[in-house]
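Numbering (the numbering used here), first residue to last: 802 to 1224.
We put the beta carbon where it would ideally sit given N, CA and C, even for glycine.
Each remark here refers to the structure printed beneath this line.
Structural data, given as structure tokens:
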């Protein structure tokens, strides 16, 4: 395949991706600070005034929440709690015995005062319109992930991410200096500047931005050099985006083939033929089971548990999931170490360590953490925000280069067509 072929691949891949990546880059700048912005915009939803009174036990709060909404299950319980953080419970509808269908709940969650258990309010899907401070971050996220087009947008963005992944390598190849077809007509004497004609010295030009320069040259250099200097992070964004949008169809099969990565949808066991909506083990008892099993598994795997994070029940597997922070997590702020155990018998089901056990899983955890700025604190959040601008810049400059070259080619054709009539 000729270089011209790969130029065409890069050109038309870029034209397909340009709009998607511009949107993803600009929205990603904001999403790098999602939690900080959400807490700022909606602090009244998440915080109450500090009190000298002790907070109620999380299992007591869960029971009070269920009493307020008897037609719902609460399948997740946060165990890591801040002193003035509102207790929030997500609601899953129970089945109406009269109809055999789930109850229609008016709300998706409810919020309780952590000190008194009093109801603070209900939460429901605000939708994407009208735009308010409650939903603006959700709108930005929806644009970033799917262009706010639901499943169709997920696929369109996923295809763009897959093309982007391949194009990372195509674009890098196109920055390499063109191989000379014949010796230089005026070779320098041996030992005089021969290194300046080597591959690396000629490739070094691609890493630089000429200044001052014409608008076209500046855009071209920004596109080429900007892509080279940030290549690794661009690839991280591209392939992790495939993981988010095309997980089942592309990402999981590729990572399983290359690194024997387990399918977390089937881990530790496949889903049951029919969900078990409620466990036989009570939630407080399940918490004790989880603590004991995690301590046993952590000791066997030489893992240091740092703090509890959450207890959840997964009806599709009939299992409890107990999540903790450990020294195997990429960041002390984000828990990813977990065990599963049967919701009826308490039998141990499986242990998930985010790093150090399976290369594919470790790589995936790094890819997703880097994409979402979940590591290295504020400096990396700022870096990811800046990378969003870089992604948008590369898209805009790429389209500019294409338009200029297309315009120049059109003028050249017109000039050729006029020549015969002028003779």
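* beta strand (DSSP E) runs wholly inside the region 854-910, at least 3 long, in chain order -> 877-879 and 888-891
* Asked: In three-state DSSP terms, what is residue 1062?
  -> coil
* Between which two residues does the alpha helix (DSSP H) carrying residue 976 extend? -> 951-976
* Which class does residue 1081 belong to by DSSP, given the choice of helix, strand or coil? -> coil
* Would you identify the three-state DSSP class for residue 1110, choosing helix, strand or coil? => strand
* **Three-state secondary structure (DSSP) of residue 1121** => strand
* **Spatial distance of residue 1027 from residue 1191 (CA atoms)** => Distance from the CA atom of residue 1027 to the CA atom of residue 1191, rounded to whole angstroms, is 7 Å.
* Asked: Based on Cα-Cα distance, which residue from 1166, 1118, 1086 and 1216 lies nearest to residue 1037?
  -> 1166
* Once you ignore the five residues that flank residue 919 on each side, which residues in its own chain have a CB closer than 8 Å to its CB? -> Beyond the five residues adjoining it in sequence on each side, residue 919 comes within less than 8 Å, by CB distance, of 913 in the same chain, given in chain order.
* **DSSP beta-bridge partners of residue 1132** => 1135
* Skipping 5 residues on each side, what residues in its chain have a beta carbon closer than 8 Å to that of residue 1139? -> 1122, 1123, 1124, 1125, 1152 and 1153
* 7 Å CB neighbourhood of residue 1051 in its chain, flanking five on each side removed -> Cβ neighbours of residue 1051 beyond the five flanking positions: 963 and 1043.
* Label residue 1095 either buried or exposed according to how many other C-beta atoms from any shown protein chain fall within 10 Å of its C-beta, with 16 as the threshold for buried. => Around the Cβ of residue 1095, a 10 Å sphere holds 16 or more other Cβ atoms; the residue is buried.
* **CA-to-CA distance, residue 910 to residue 927, given in whole angstroms** => 12 Å
* Asked: How would you call residue 1030, buried or exposed, if buried means at least 16 neighbouring beta carbons within 10 angstroms?
  -> exposed
* For the region 826-845 and the region 1185-1204, state whether three or more C-beta atom pairs, one from each stretch, are separated by less than 8 Å. => yes
* Asked: Taking one C-beta from the region 1107-1116 and one from the region 865-883 each time, how about it: are there three or more such pairs within less than 8 Å?
  -> yes
* alpha helix (DSSP H) containing residue 1036: first to last residue? -> Judged by DSSP secondary structure, residue 1036 falls within the alpha helix (DSSP H) whose first and last residues are 1032-1046.
* Could you tell me the distance, in whole angstroms, from the CA atom of residue 967 to the CA atom of residue 1005? => 23 Å
* To do: Would you give the residue range spanned by the beta strand (DSSP E) that residue 923 belongs to?
  => It spans 920-924 - the beta strand (DSSP E) in which residue 923 sits, taken as one unbroken run.
* **Straight-line Cα distance separating residue 1214 from residue 1206** => 12 Å
* Which two residues bound the contiguous alpha helix (DSSP H) that contains residue 1149? -> For residue 1149, no alpha helix (DSSP H) segment is defined; the enclosing uninterrupted segment is the beta strand (DSSP E) at 1149-1153.
* Find the nearest neighbour of residue 1048 within the set 858, 958 and 1127, judged by alpha-carbon distance. => 958
* To do: Just tell me which of 1079, 1077, 1127 and 1119 has its CA closest to the CA of residue 1098.
  => When each option's Cα is compared against that of residue 1098, the closest is 1127.
* Asked: In chain order, what residues of the same chain lie with their CB nearer than 6 Å to the CB of residue 978, ignoring the 5 residues before and after it?
  -> 1003 and 1004
* To do: Could you check which residue in 1018, 971, 1072 and 1077 has the C-alpha nearest to that of residue 1035?
  => When C-alpha distances from residue 1035 are compared across 1018, 971, 1072 and 1077, the shortest belongs to 971.
* Can you have a look at residue 813 and say buried or exposed, based on whether 16 or more other CB atoms are within 10 angstroms of its CB? => exposed
* Quick check: the region 1065-1074 against the region 840-855, are there 3 or more CB pairs under 8 Å? -> no
* To do: In the DSSP assignment, find the unbroken alpha helix (DSSP H) run with residue 1170 in it and report its ends.
  => Boundaries of the alpha helix (DSSP H) around residue 1170: 1160-1172.
* **Cβ-based neighbour list, residue 1168, same chain, cut-off 8 Å, excluding 5 preceding and 5 following** => Answer for residue 1168: 1037, 1040, 1041 and 1044, listed in chain order.
* Asked: Taking Cβ positions, are residue 923 and residue 904 nearer each other than 7 Å?
  -> no
* Asked: Terminal residues of the continuous alpha helix (DSSP H) containing residue 840?
  -> 835-842
* Below 7 Å CB to CB, which residues in the same chain sit around residue 942 once its five sequence neighbours on both sides are set aside? => 832
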